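Okay, so here's the structure we're looking at.
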Amino acid sequence: MNHAMRKSNRLPNLRNLGVALRILVITNALLALTAMILSSNAAEFVTLVTNISAIAQPMLLLSLLLLYASYPLLKKLRYRHGITAIFIIVLFACYSLHWLLTQALIFDNLPSIKRTIFYAFIVCSIILHYFNLQERAYSPAIDEARLQALQARIRPHFLFNCINAVLSLIRSQPKRAETALEDMADLFRVLMADNRDLVPLAQEIALCRQYLALEKLRLEERLIIEWKVDDMPPDALIPPLLLQPLIENAVYHGIEPLATGGKITIQIYTKRNEVHLVLSNPYSIKNTKHIGNQMALKNIKERLTLHFDLEASLKSSLSNGEYQVHITLPHTTK
């Protein structure tokens, strides 16, 4: 387990709005705490906060800009090397700005360069430790997703029915039976993999098509699939097993309870540099499996938060007998 934790360590996305906001909030909270400790009354506290912020805010903003610009290179480094590079960038930004302020003689009470670097190092350490703890807190969500995929997502009845469907095809349609077995092998290969890194959207769609082909074997004309993916960005990166569990839920909660079956619609498009994944299916009021569906949505939300923070969202709605899930995430590529 410890090995898995170390493997999951990675740098925070320094181009993510949520990450930047957290850095701003944590830094300013630490500045306020420092001023509170050093001041003896409210007036002195306000003065200290103002003086510290006048020096610290430009350093903070410069550090964020440099980290934003260098993130494409930083994310290619190993975790420890990336952390070291972040410290170097932040300390360089603080040192450079301190030198400029010293030369410009703007502040009379400017702290020494050693004290400035020391404070910057402490703040940077606290922030990086926070993001590391945050990822460790969400890592079980990824492990849980994989476990659910093995134990629950591919439900025993699905496997049993698929095997029966394949057996019925072996003599009459051997080629189709062979294709179905290959699809099953590919599906389980993905589910048993260490699904921690983002994958191209096209790869997830291919997996979903294989899964639906297997479901089609047993549900036949009861299952209708409508793909609206002409505007889909195939190279967009998404968490693995993001769409497949939702499609399986649509089959399990939407199609199976209905005697006549129904249609699942999958729409994927881009808008304002965001990728939208919209999945809709019929919904029966008599459905008693709603809790399991909500647990799956919660798990996917946690993984979206882990990968994209505030830039991704998942919304679900029920209207006129149709259940819809709408995922929005930033359009990122390798």
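Going by UniProt numbering, the residue at position 44 of the sequence shown is 44; the numbering climbs one at a time, nothing skipped. Think of the CB as a built atom: it goes at the ideal place given N, C-alpha and C, for glycine as much as any other residue. As the structure is a prediction and not an experimental result, all values here were calculated from the model.
query	result
Distance between Ala-56 and Ile-83 (C-alpha atoms, nearest Å)	21 Å
Thr-333, buried or exposed, once every other Cβ within 10 Å from all chains shown has been counted against 16	exposed
Extent of the continuous beta strand (DSSP E) run through Leu-329	322-330
Span separating the alpha-carbon of Leu-201 from that of Ile-264	19 Å
Proximal residues to Leu-30 (C-beta, below 6 Å), its chain only, five neighbours per side dropped	Val-123
Cβ shell of Tyr-211 (< 8 Å), same chain only, five flanking positions each side left out	Asp-183, Leu-187, Gln-244, Ile-247, Glu-248
Chain-order list of residues whose beta-carbon lies under 8 Å from that of Glu-226 (same chain, five-residue window excluded)	Lys-263, Ile-264, Thr-265, Ile-266
Residues of its chain near Pro-97, where Cβ-Cβ distance is below 8 Å and the 5 sequence neighbours each way are ignored	Here the sequence assigns Leu to residue 97, which means Pro is not the residue at that position. Contacts found: Pro-58, Met-59, Leu-62.
N- and C-terminal bounds of the beta strand (DSSP E) containing Glu-311	Glu-311 -> no beta strand (DSSP E), and no H or E assigned at all.
Minimum C-alpha distance to Thr-260 - residue among Tyr-95, Ile-238, Ile-224, Ile-268	Ile-224
Arg-6 versus Gly-321: straight-line alpha-carbon distance, rounded	Residue placement at Arg-6 is flagged as unreliable, the pLDDT there being 39, under the threshold of 50; the coordinate-derived value follows with that caveat. Their Cα atoms are separated by approximately 45 Å.
Strand pairing of Gly-262, partner residues [DSSP]	Leu-223
Straight-line gap, His-129 to Pro-174 (C-alpha atoms, nearest Å)	57 Å
Burial state of Ile-88 (16 or more Cβ within 10 Å)	exposed
Pairwise C-alpha distance: Ser-125 and Arg-303	25 Å
Simplified DSSP state of Arg-153, which is helix, strand or coil	Confidence in Arg-153 is poor, its pLDDT being 47 and thus under 50, which makes the residue's placement unreliable; the coordinate value appears in the next sentence. Helix, per DSSP.
Of the listed residues Tyr-79, Leu-66, Pro-330, nearest to Leu-91 (C-alpha basis)	Leu-66
Residue range of the unbroken beta strand (DSSP E) whose run includes Asn-51	Looking at the DSSP string, Asn-51 is not in any beta strand (DSSP E); the run it does join, the alpha helix (DSSP H), is 42-74.
Contacting residues, own chain, Cβ-Cβ under 8 Å from His-276 (five flanking each side not counted)	Gln-267, Ile-268, Tyr-269, Thr-270, His-326, Ile-327, Thr-328
Selection from Ala-206, Ser-40, Ala-54 that minimises the alpha carbon distance to Asn-28	Ala-54
Whether Ser-39 touches Leu-48 by CB criterion (8 Å)	yes
Backbone secondary structure at Thr-333 - three-state DSSP	coil
Three-way DSSP call (helix, strand, coil) for Val-275 in this model	strand
Nearest-angstrom Cβ-Cβ length linking Tyr-323 and Asn-273, presumed shorter than 8 Å	Wrong, their Cβ atoms sit about 28 Å apart, outside the cutoff.
Contacting residues, own chain, Cβ-Cβ under 8 Å from Glu-204 (five flanking each side not counted)	Ile-238, Pro-240, Leu-241, Leu-242, Leu-243, Gln-244
For Ser-280, three-class secondary structure by DSSP	strand
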